[in-house]
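J.: Sending over a structure as structure tokens; questions will come in a sec.
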Amino acid sequence: NQLSFRDASSHIINKLTNMPLYAPGNVPKLILDIERNARQFKLEGKRERSYPRCLKVSKNGYPVAKRKNAIHLK
Numbered sequence: 002n003q004l005s006f007r008d009a010s011s012h013i014i015n016k017l018t019n020m021p022l023y024a025p026g027n028v029p030k031l032i033l034d035i036e037r038n039a040r041q042f043k044l045e046g047k048r049e050r051s052y053p054r055c056l057k058v059s060k061n062g063y064p065v066a067k068r069k070n071a072i073h074l075k
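Its first residue numbered 2, the sequence shown is counted upward by one per residue in our numbering.
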């Protein structure tokens, strides 16, 4: 159950910016309207991958020195 943040936030911002135009008695109706419209912002489930997920090997542009044994640290 995920909501589209972009669509939901633009709807809420639109309602809040127009709120000064309405009478104070209509504010609860606007809030209920926002809650009722939340269903239209629900996203569908994610589809399954058509290929297995794997990590790409990142090539470092700099030469990497091989590690030496740290005998002197013992």
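Just so you know, even glycine gets a beta-carbon here, dropped at the ideal spot from N, CA and C.
Let me know the secondary structure DSSP gives H67 once reduced to three states.
T.: In the sequence shown, counting from the first residue as 1, residue 67 sits at position 66. It should be pointed out that residue 67 corresponds to Lys in this sequence rather than to His. Note: K67 maps to coil in three-state DSSP.
J.: Taking 8 Å as the threshold (C-beta atoms), are I35 and I13 in contact?
T.: On the sequence shown, residue 13 is found 12 positions in, with the first residue counted as 1. On the sequence shown, residue 35 is found 34 positions in, with the first residue counted as 1. Cβ distance < 8 Å, so I13 and I35 count as in contact.
J.: In whole angstroms, what separates the C-alpha of Q3 from that of R54?
T.: Working through the sequence shown from its first residue, we reach residue 3 at position 2. Working through the sequence shown from its first residue, we reach residue 54 at position 53. One C-alpha to the other measures close to 23 Å.
J.: Give me whichever residues DSSP pairs with L4 in a beta bridge.
T.: Position 3 of the sequence shown holds residue 4. Its beta-bridge partners are K43.
J.: N61 by DSSP, collapsed to three states: which one?
T.: Position 60 of the sequence shown, counted from the start, is the residue given in the question as residue 61. N61 falls in the coil class under three-state DSSP.
J.: I need the straight-line Cα distance from P29 to L56, nearest angstrom please.
T.: As a working mapping, residue 29 is identified with position 28 in the sequence shown. As a working mapping, residue 56 is identified with position 55 in the sequence shown. Between P29 and L56, the C-alpha separation is close to 50 Å.
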